[in-house]
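*Asks:* Residue numbers (UniProt numbering): 1 to 97. Beta carbons are placed, not taken as given, at the ideal position from N, Cα and C, and that holds for glycine. Treat the numbers as computed from the prediction; the structure is a model and nothing was measured.
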């Protein structure tokens with residue numbers, strides 16, 4: 001659980017998870033056409049105002065913690081939340097703390 005908590009200890013990563021919860025609201029121009037895949041890393045990078053390498057590092061941390069899933073389509077990578085994993089983490093946090 002420590003790795004999951006560390007993943008959530010960064011404001012940018014928390015915002016990414018919030019944005020991915022409702023991609024149609026946060027990425028109206030790009031999310032509709034790729035809703036099944038998730039949100040393209042480029043859109044996340046633009047919204048966060050970070051470099052590509054910084055956003056990739058944030059997404060890697062979230063992916064290792066199990067909060068997001070990545071889907072590669074050609075040269076693009078799309079991210080979406082793993083709702084079951086997030087729900088499980090929240091339940092364990094509530095139970096153990």
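#1: Determine the direct distance from the alpha carbon of residue 97 to that of residue 44, and round the result to whole angstroms.
#2: What residue ranges within the UniProt domain "HTH arsR-type" (1-97) form continuous beta strand (DSSP E) runs of no fewer than 3 residues, ordered along the chain?
#3: Would you grab the beta carbon distance between residue 85 and residue 66 for me? Rounded to a whole angstrom, and I think it's under 8 Å.
#4: Can you list, in chain order, the residues of its chain with a C-beta nearer than 6 Å to that of residue 12? Leave out the 5 residues immediately preceding and following it.
*Replies:* Taking the coordinates as given:
#1: Residue mapping note: residue 44 aligns to position 44 of the chain shown, counting from 1. Residue mapping note: residue 97 aligns to position 97 of the chain shown, counting from 1. The alpha-carbon of residue 44 is positioned some 32 Å away from that of residue 97.
#2: 68-73 and 76-81
#3: As a working mapping, residue 85 is identified with position 85 in the chain shown. As a working mapping, residue 66 is identified with position 66 in the chain shown. Rounded, the Cβ-Cβ distance is 4 Å, consistent with contact.
#4: Reading the chain shown from its first residue, position 12 is the one you call residue 12. So the list reads 48 and 58, once near-sequence residues are dropped.
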